[in-house]
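Under this note's numbering, read the first sequence as residues 223 to 641, first letter to last.
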Amino acid sequence: MTQTFALVDANNFYVSCERLFRPDLKNKPVVVLSNNDGCIVARSQEVKDLGVKMGTPLFKAMDLVKKHKIQVFSSNYTLYGDISSRVMQTLEEISSRVEVYSIDEAFLDLSGINNLVEQGQLIRSTVMQNVGVPVCIGMAPTKTLAKLANHAAKTYKATQGVVDLTDPIRQKRLMEITPVCEIWGVGRKLNLRLEEQGIRTALDLSKMPPKRVRQRYSVVLERTVRELNGESCLELEDVVQKRQQILCSRSFGNKLTSYDDLKQTVCEFAARAAAKLRSEDQLARMVSVFIRTSPYDTSAPQYSNSATGALAVPSSDTHKILELATNLFHGIFRDGYAYAKAGVILADFCAPDAVQMDLFRSNENVERGDSLMKAVDAINRKSQGRVWFGGQRPEKDWYMRQANLSPAYTTRWDCLPVV
DNA sequence: TCTGGGGTCCTAGGACCC
DNA sequence: TCTGGGGTCCTAGGACCC
């Protein structure tokens with residue numbers, strides 16, 4: 223039996239979430255911003271039609287925002303995460319095999335289903351009924367083709383949001399009119415290189431000999447070419463994988479110049495990353511710290527550096543991670559720069575029961591550290607940021623800008639919408 | 001003035017080993 | 001004159017994704 227993948231992808235997901243509780247915004251232009259209110263990361267169809275590109279810095283689109291009275295929202299990840307899990311839950315009720323691929327899309331296994339378009343419409347209407355956000359669905363024998371089908375379902379109104387791309391003739395016809403940059407796995411750099419070779423459409427790419435693609439480009443693109451030709455190389459990964467790294471970073475509203483300010487901020491990131499690590503019940507061995515100035519501010523002197531170090535014993539103890547992060551930071555900090563961003567990355571994880579114990583430390587100390595961390599996490603869950611370590615910087619002055627934040631409608635009692 | 005954050009995977013090259 | 005070769009592991013950096 224041939225396999226059939228479906229890609230279910232929400233339309234302008236963040237915008238749809240905001241509209242869910244603001245029905246007055248239907249058919250009105252809406253955007254949602256990135257952290258710090260920096261860039262536009264979600265646009266309603268009306269805004270796309272105005273030519274505003276994904277990732278545009280807000281200040282560059284300010285004229286259009288004013289002229290067309292575009293409604294602007296800061297990102298509200300609590301809300302989007304909750305709506306997302308409702309969508310995924312609905313999908314899991316429909317299909318037994320679901321791979322949650324991102325906050326707003328999932329691959330489904332629809333192998334063996336005869337009337338795919340009908341099934342697709344059923345999925346759309348069920349998600350709309352249960353959750354209230356519109357989705358589009360593409361179906362095909364490989365993930366890459368399912369992505370392409372989904373793109374078509376979004377692009378062409380006549381499809382009514384569902385495209386069945388199991389027929390090879392239809393695959394070719396669609397690839398012929400799809401620019402190669404729309405293909406999953408072809409980013410900006412690859413697009414440039416491919417164009418130099420005269421490869422403009424998805425069909426052009428699909429016709430390249432896979433072996434040559436591997437030589438000239440990469441195994442990743444070779445896989446893409448095979449998938450475009452109906453050879454499935456990417457399986458449905460419906461078993462949730464453990465995360466491999468945890469990153470906590472921010473751009474600063476106000477640039478930081480002093481050693482102490484930046485150090486405290488790095489400590490804050492390290493502490494948050496450590497808490498995230500504990501909530502996943504993992505231990506980390508590697509800690510990285512990076513700091514940098516703003517690459518956009520070309521008149522100011524630029525500096526960017528990072529450092530990585532290993533803990534003697536894998537740990538999730540904030541104390542240990544803070545200590546190492548501070549040392550790493552000390553090694554890369556240079557005076558005289560206006561720092562715009564910093565971050566801490568934890569990696570090389572292992573399970574708590576798989577740790578090689580330190581020869582020179584007693585288990586007793588480890589356990590004491592553990593219970594301290596559990597107590598800290600419990601208090602901070604109830605009241606964010608009530609307990610912190612020396613070196614952390616709990617003051618909010620560097621916190622992100624969120625000038626246009628919507629309420630946490632679905633996750634806080636005091637934000638429940640009133641009917 | 002104002003330019004996101006959080007991930008994954010692959011590769012090249014160096015260190016090291018025998 | 002001649003200056004190995006094959007292998008693994010690790011890491012940094014690049015490209016991509018949403």
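By construction, the Cβ of each residue, glycine as well, lies at the ideal position given by its N, Cα and C atoms.
Inset, instruction - Look at the Cβ atom of Cys358, then the Cβ atom of Ala375, and state whether they are nearer than 7 Å. - result: Yes.
Inset, instruction - Please classify Met350: is it buried, with 16 or more other beta-carbons within 10 angstroms of its beta-carbon, or exposed? - result: It counts as exposed.
Inset, instruction - Taking the CB atoms as reference points, tell me whether Ser454 and Gly565 lie closer together than 7 Å. - result: Going by C-beta atoms, Ser454 is not nearer than 7 Å to Gly565.
Legend entry - Residue ranges of each beta strand (DSSP E) within the segment 238–304, 3 or longer: If one requires a minimum length of 3 residues, the beta strand (DSSP E) runs lying completely within the segment 238–304 are 252–255, 262–265, 293–295, in chain order.
Legend entry - Span of the alpha helix (DSSP H), counted from its first residue to its last, around Asn549: For Asn549, the uninterrupted alpha helix (DSSP H) segment begins and ends at 540–554.
Inset, instruction - Over the uninterrupted beta strand (DSSP E) stretch that includes Val408, give me the two end residues. - result: Per DSSP, Val408 belongs to no beta strand (DSSP E) and is neither H nor E.
Legend entry - Top-ranked residue by Cα proximity to Asp482, from Phe551, Ser501, Asp246: Per the Cα distances, Phe551.
Inset, instruction - Excluding the 5 residues preceding and the 5 following His541 in the sequence, name in chain order all residues of the same chain whose CB lies nearer than 8 Å to its CB. - result: Sequence-distant Cβ neighbours of His541 in its own chain, meaning closer than 8 Å and more than five residues away, are Gly591, Phe611.
Inset, instruction - Compare the Cα-Cα distances from Leu533 to each of Asp636, Glu502, Lys282, Leu568 and report the closest residue. - result: Out of Asp636, Glu502, Lys282, Leu568, the CA that lies nearest to the CA of Leu533 is found in Leu568.
Inset, instruction - Verify whether the separation of the beta carbon atoms of Pro363 and Gly452 is less than 7 Å. - result: Taking the C-beta atoms as reference points, Gly452 is found nearer than 7 Å to Pro363.
Inset, instruction - Could you name each continuous beta strand (DSSP E) segment of 3 residues or more that falls completely within the segment 406–483, going from the start of the chain to the end? - result: You should have 467–478.
Inset, instruction - Using the DSSP secondary-structure output, state which residues sit across from Asp331 in a beta bridge. - result: DSSP lists Phe227 as partners of Asp331.
Legend entry - Buried or exposed by the 16-neighbour rule on C-beta atoms within 10 Å, applied to Val320: Buried.
Legend entry - Selection from Glu240, Asp575, Ser307, Arg514 that minimises the alpha carbon distance to Asn626: Answer by Cα proximity: Glu240.
Inset, instruction - Tell me whether Leu484 is buried or exposed, calling it buried when 16 or more other Cβ atoms sit within 10 Å of its Cβ. - result: Label assigned to Leu484: buried.
Legend entry - For Pro536, the three-state DSSP class (helix, strand or coil): If DSSP states are grouped into helix, strand and coil, Pro536 belongs with the strands.
Inset, instruction - Assign Arg445 to buried or exposed, taking buried as 16 or more other Cβ atoms, counted over all protein chains shown, within 10 Å of its Cβ. - result: Buried, since its Cβ has 16 or more Cβ neighbours within 10 Å.
Legend entry - Nearest-angstrom Cα separation, counted from Lys270 out to Leu280: Distance between the alpha carbons of Leu280 and Lys270 is about 14 Å.
Inset, instruction - Measure the CB-CB distance between Arg634 and Asp259 and report whether it falls below 7 Å. - result: No. Outside cutoff.
Inset, instruction - Below 6 Å CB to CB, which residues in the same chain sit around Ser526 once its five sequence neighbours on both sides are set aside? - result: These residues qualify, in order along the chain: Arg514.
Legend entry - Given 8 Å, three or more beta-carbon pairs between the segment 388–404 and the segment 264–278: No: fewer than three Cβ pairs fall under 8 Å.
Inset, instruction - Tell me where the alpha helix (DSSP H) around Thr377 begins and ends. - result: Segment 365–377, the alpha helix (DSSP H) holding Thr377.
Inset, instruction - Pair every Cβ in the segment 250–258 with every Cβ in the segment 296–313, then say whether three or more of these pairs are closer than 8 Å. - result: Touching, yes.
Legend entry - Presumed contact (8 Å Cβ cut-off) between Pro356 and Ser238, rounded CB distance: With a Cβ gap of about 6 Å, Pro356 and Ser238 count as contacting.
Legend entry - Among Ser593, Met223, Gln524, nearest to Asn336 - alpha-carbon criterion: Ranked by Cα distance from Asn336, the options Ser593, Met223, Gln524 are led by Met223.
Legend entry - Euclidean distance between Cα positions of Thr377 and Leu344: Rounded to whole angstroms, the separation of the alpha carbons of Leu344 and Thr377 is 20 Å.
Inset, instruction - Give the C-beta separation of Leu427 and Leu414 to the nearest angstrom, bearing in mind that I take them to be a contact with Cβ-Cβ under 8 Å. - result: Contact flag wrong, Cβ pair sits at about 14 Å.
Legend entry - Inter-residue Cα distance where the pair is Val511 and Arg500: Val511 and Arg500: Cα-Cα distance of roughly 19 Å.
Legend entry - Val349 in three-state terms, based on DSSP: Reduced to three states, the DSSP call for Val349 is helix.
Inset, instruction - Could you tell me which residues DSSP pairs with Gly531 in its beta bridges? - result: In the DSSP assignment, Gly531 forms a beta bridge with Val509.
Inset, instruction - Whole angstroms is fine: what's the gap from Gln267's alpha carbon to Lys248's? - result: Roughly 11 Å separates the two Cα atoms.
Legend entry - Coarse secondary structure for Ser307, derived from DSSP in three states: In the displayed model, Ser307 falls within a helix according to three-state DSSP.
Inset, instruction - Measuring alpha carbon to alpha carbon, tell me which of Ala497, Asp386, Thr348, Gly531 ends up nearest Leu594. - result: Nearest option by C-alpha distance: Ala497.
Inset, instruction - Give me the Cα-Cα distance between Arg346 and Thr312, rounded to the nearest whole angstrom. - result: When rounded, the distance between both Cα atoms is 10 Å.
Inset, instruction - State the CB to CB distance for the pair Leu301 and Ile292, rounded to an integer number of angstroms; the pair is presumed to be in contact (CB under 8 Å). - result: Approximately 19 Å separates the beta-carbon atoms of Leu301 and Ile292; this is outside 8 Å, ruling out the contact.
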